[in-house]
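Numbering (this note's numbering), first residue to last: 9 to 467.
The C-beta atom is built at its ideal place from N, Cα and C for all residues, glycine as well.
Computed from a predicted model, the values in this text were never measured in an experiment.
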Amino acid sequence: MSEGAGPVPSPSQWARVQLAQGHSDAGLWDLSSDVPEARISIGSAPEAGWVVSAPDVAPVHFELFWDGNSLWLSPPQAGELTVDGERVGAWRQLVGRSRVEFGRAAFLVETSQTIAVPPAAPHEPAAEISTTPGDYVGGRVPSADVFDDDPTAALMSRPDLDSMPPLEADATRMIDGGLPGGMEPIAPAGPAFGRPMLGAVAQPPTGGGLGQEMKTQILDTGAAGLDLPRDSGPSFGGPPGPALGKERQIQTDVLSASPASSASGGKSVSETGSQFALPPVVPPKEKKKLELPPKRTLILAGVTLLVAVVVLATSVAQRQEQDAQYADAVARSVSQGAAEAAESARARAAEEIQGRAASRAEREAALLTEVDEKIQTALRDASAAAEAAADGEDFDQEADAAERARLAIQMHAVEALAHNDQRQALGFYLWLAEHHPDVSIYGSAVDALREALRGEPSR
């Protein structure tokens, strides 16, 4: 008969609770199977074991309980509590990775267990038992009214291996009809600190709710004399842990105990004799006395500050004076340049005006020369007509001759305009405006004709 395989050592169980949302002085709780039991309350009040500050977090919201192998979650004392979005209404075992949300705070929980401890199904019939060697029928999974999981039956058979010894008659036959006479069934041992055992209904840890002495108690591994490894199970998103049978290095940095007092009347662990200790409390920082510097140092600092202020004020005053001088020089330069530019512009304008006037005088003299013959003819005809009209009468013959000449030359100007000869018309009106300045219409006609002929502005 070949030798069977030896027992495989069970891996150490571990759990890690990490604060993912909210504010707390402690952000991580590591547990392992080296810690027999640990229990802590979570809330926003100072009396909670793990104080987490976040909106909608109750003063004492819920509890976490470690029984040495599994991590359990209590129903909320106040507010809402969910695991991966599902409300928690009774004690619940946390397996694998999960997100625990309470109020607007959240924990990320990871445990080494991947299968929850199943509770019993009290209303279902007992599983059938086979009396044939080699067959095994396991118990059924609890019904849906106990857990929310879908009910599923599991059927397993013992594998036939060469290394296993053959079955022998009565030694391996299952007996139908109960136990032999005089033998009582062996009652299974109760769970440690309220941990549900295999096949039993999950019950909350002993202590009845959130008791005052249990709200902040976790195991003090130092007081128990445990030298725990510093490594824990795989972190969130990290590499997978070793396979079953492999040695696992587990970090068991439980929340350290407070040396000051505990929930049991303010006594330490050594005084009360309890195996539980308080979770970590941030040690108060020692307040340093305000020490004034020596008097000599204060005097030197004051003198240095005064000198710095005087130097700064002097520098600012000098800079302002320099800026004022520069602005004055710029203003004088600009004013002088503007005066010179204005004088030069006036001189150029005067020269241009004189040049245009001289050029216009030359052109108008040429126009008078062109119309002079007609003007002289009109003057002679007007003088002869005045003499003939006198015929011995007593009146001003010169005035009559001048009036006759004016009308005759005016008639020549009108005829020139009628023939669209603006040049000759301008010549006639120039003579009329010069010899008869009292008639304003002649000056206006000269200005209009100048503008029409040369585009010059009116005088």
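query: Compare the beta carbon distance of S82 and F70 with 7 Å and say whether it is the shorter of the two.; result: yes
query: Go ahead and pull the three-state DSSP assignment for V96.; result: coil
query: Here's the rule: buried if 16 or more other CB atoms are within 10 angstroms of the residue's CB, otherwise exposed. What is S2?; result: Any property of residue 2 remains undetermined from this structure, which presents the chain solely from 9 to 467.
query: Could you tell me whether the segment 384 to 394 touches the segment 403 to 423, using the rule of 3 or more Cβ pairs below 8 Å?; result: yes
query: Whether or not the segment 421 to 436 and the segment 444 to 458 are in contact is what I'm after, with contact meaning three or more pairs of Cβ atoms, one per stretch, closer than 8 Å; do they touch?; result: yes
query: Using C-beta distances below 6 Å, list every residue in its chain close to T90, excluding the 5 sequence neighbours before and after it, in chain order.; result: E109
query: Please report the straight-line C-alpha distance between F436 and V379, rounded to a whole angstrom.; result: 7 Å
query: Thinking C-alpha only, which one of V65, D64, I123 and L440 is nearest L376?; result: L440
query: Which class does D389 belong to by DSSP, given the choice of helix, strand or coil?; result: helix
query: Nearest to L72 by CA position, among E88, E94, W99 and R95, is which residue?; result: W99
query: Only counting the same chain, and skipping five residues up and downstream in sequence, which positions put a Cβ closer than 6 Å to that of A386?; result: A413, A416 and I417
query: Roughly how many whole angstroms lie between the Cα atoms of T322 and R304?; result: 27 Å
query: If you draw a straight line from the C-alpha of G310 to the C-alpha of V317, how long is it?; result: 11 Å
query: Between E348 and the rest of its own chain, which residues show a CB-CB distance below 7 Å, the 5 nearest in sequence each way excluded?; result: none
query: In the DSSP assignment, what are the bridge partners of H427?; result: H427 pairs with nothing; no bridge assigned.
query: Assign A251 to one of three DSSP states: helix, strand, or coil.; result: Residue placement at A251 is poorly supported in this model, since its pLDDT is 47, which falls under 50; the coordinates are not used for a value here.
query: When the Cα atoms are used, what is the spatial distance from A53 to L314?; result: 53 Å
query: Cβ atoms of A460 and Q432: under 7 Å apart, would you say?; result: no
query: May I have the straight-line CA-CA distance separating A374 from D404, to the nearest angstrom?; result: 34 Å
query: Where does V447 fall in DSSP's three states?; result: coil
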